[in-house]
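K.L.:
Quick note, the sequence shown lines up with residues 1 to 282 if you use the UniProt record's numbering.
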Amino acid sequence: MEMDVATIRPSFFGEIGLWAVRTVVHDAAFFGHTLLLQQLIQSGAPVNIVNLDNITPLHEACIQGQTQCVRLLLEAGAQVDIRTVHGSTALCNACAAGSPECIRLLLEYGAAANPTLTALTATPLHEACIRGSVECVQLMIAGGAQLEVFDIYFGTPLHAACMKQHVDCARALLSAGANVNAARFHETALHIAAKENNADLIEMLVALGAHVHARDNLGRKPIDYTSPGSPAALCLEFSECTPPSLQHLSRLALWNGLGKRMLQVVSKVGLPCRILSYLYCS
1 MEMDVATIRP SFFGEIGLWA VRTVVHDAAF FGHTLLLQQL IQSGAPVNIV NLDNITPLHE
61 ACIQGQTQCV RLLLEAGAQV DIRTVHGSTA LCNACAAGSP ECIRLLLEYG AAANPTLTAL
121 TATPLHEACI RGSVECVQLM IAGGAQLEVF DIYFGTPLHA ACMKQHVDCA RALLSAGANV
181 NAARFHETAL HIAAKENNAD LIEMLVALGA HVHARDNLGR KPIDYTSPGS PAALCLEFSE
241 CTPPSLQHLS RLALWNGLGK RMLQVVSKVG LPCRILSYLY CS
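Here is the structure:
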C-alpha cells in the first residue's frame, strides 16, 4: 500500500513509513555531493527519510562534516533531533566528526544540546571530548551542554576527555566549572589520568583541586595505578608528600569561589598573560 508523503507527520523517529536500506539522498549527504542533494531536494525527495537503523541524511552529512549538505538539509526542513536506533542525534554525529561548522548550524536550528542519554550513546559533549576537539567542546559548553551528565561507559565528559588523554579538552571543561572530583563508581578523573600514566593531565588536575588521596571502589588511590618511577608516579608522589604552596591555595580559592563564572570574570580583569597561564595551568 502506498503512503501519501504529504500526510506523514514529523516525529521523533523521522518520517515513519519511509524506511529504506539506503537512499540516494543518504549517499549524496554522506559524500558531500551538494549539487546532487540540491537537485534531489528540489525534485521533492524527503529529507527526513530514515533507513533501517533510523539514520537520516542529516545524520550522514554530520558524521562526515559535510557543512554545505547540512545547511541544505536544514533549510529544506530536516528535523534536527531525530535519533538513530542507537540514540545518536545529528549533533552527536557532528561532535564525533569534530566539525564546529556543523555544530554551529545545528545549534542555530534548535538542536538539543542535552539529548536524553540512552544505554547505547553518549551526549554531544561526550562525543566532542572523545574526539578531542577543543573548539567543539567550547561550542557545546556555550550552547548549554551539561558538564556533570553521566554516560554509562565513560562517566562525565571530564572522565571521557581524560580517558582519551585530551588535556586541552579537560582544561576547557574545568575552566567552565566542571567538577574535578566527580566520581564514577568512586573513580575520579585523576584515577583515569593515572591509569593512562599521563603526567601532564595529572599535573593539571592536581593543580585545579583533584584529590590525590581519593580511593576508588577497589580502595586504590590514583598513584596505585601508575608505574613506579614514571613521571606520573613521581608527580603524584610529590603531590601526596608536599604541602600545597600559598600560590596553589590561592588559585584553588579563586576557582572554588568563582566556579562556572571563572572565565567570564577573569577575562574582564585584564590580568597579565603569565598570571592567566598560571591560573589555567596552561
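Glycine included, every Cβ here is placed at the ideal spot set by N, Cα and C.
Determine the contact status of residue 166 and residue 132, defining contact as a CB-CB distance below 7 angstroms.
P.N.:
Going by C-beta atoms, residue 166 is nearer than 7 angstroms to residue 132.
K.L.:
Of the residues 172, 79, 60, 174, which one's Cα is nearest the Cα of residue 108?
P.N.:
Nearest option by C-alpha distance: 79.
K.L.:
For the ligand COA, is there any heavy atom lying closer than 6 angstroms to the beta carbon of residue 36?
P.N.:
For the ligand COA, the structure offers nothing, since it holds no ligand at all.
K.L.:
Thinking just about the alpha-carbon of each residue, which of 69, 92, 184, 52 is nearest to the one in residue 85?
P.N.:
Of the listed residues, the one whose Cα sits closest to residue 85 is 52.
K.L.:
Taking three-plus beta-carbon pairs below 8 angstroms as touching, is the segment 104-120 in contact with the segment 66-82?
P.N.:
Result yes; three or more Cβ-Cβ pairs closer than 8 angstroms.
K.L.:
Of the residues 254, 268, 261, which one's Cα is nearest the Cα of residue 278?
P.N.:
The shortest Cα separation from residue 278 among 254, 268, 261 belongs to 254.
K.L.:
Straight-line CA distance for residue 116 to residue 81?
P.N.:
So the two alpha carbons sit approximately 11 angstroms from each other.
K.L.:
Could you pull out every residue in the same chain whose Cβ sits closer than 8 angstroms to the Cβ of residue 215, ignoring the five residues on either side in sequence?
P.N.:
Hits under 8 angstroms: 186, 221.
K.L.:
Straight-line CA distance for residue 88 to residue 189?
P.N.:
Spanning the two alpha carbons is a distance of roughly 25 angstroms.
K.L.:
Report all residues from its chain with a CB closer than 7 angstroms to the CB of residue 265; omit the five preceding and five following residues, and keep chain order.
P.N.:
If we look at residue 265 and ignore the five residues flanking it on each side, its Cβ neighbours are 258.
K.L.:
Whole angstroms is fine: what's the gap from residue 233's alpha carbon to residue 212's?
P.N.:
Whole-angstrom Cα-Cα distance: 11 angstroms.
K.L.:
What are the boundary residues of the alpha helix (DSSP H) that includes residue 27?
P.N.:
24-31 is the extent of the alpha helix (DSSP H) around residue 27.
K.L.:
Looking at residue 194: is its Cβ nearer than 7 angstroms to the Cβ of residue 153?
P.N.:
Cβ distance not < 7 angstroms, so residue 194 and residue 153 don't count as in contact.
K.L.:
Given a cut-off of 7 angstroms, decide if residue 93 and residue 59 are closer than it, judged by their beta-carbon atoms.
P.N.:
For residue 59 and residue 93, yes; Cβs fall inside 7 angstroms.
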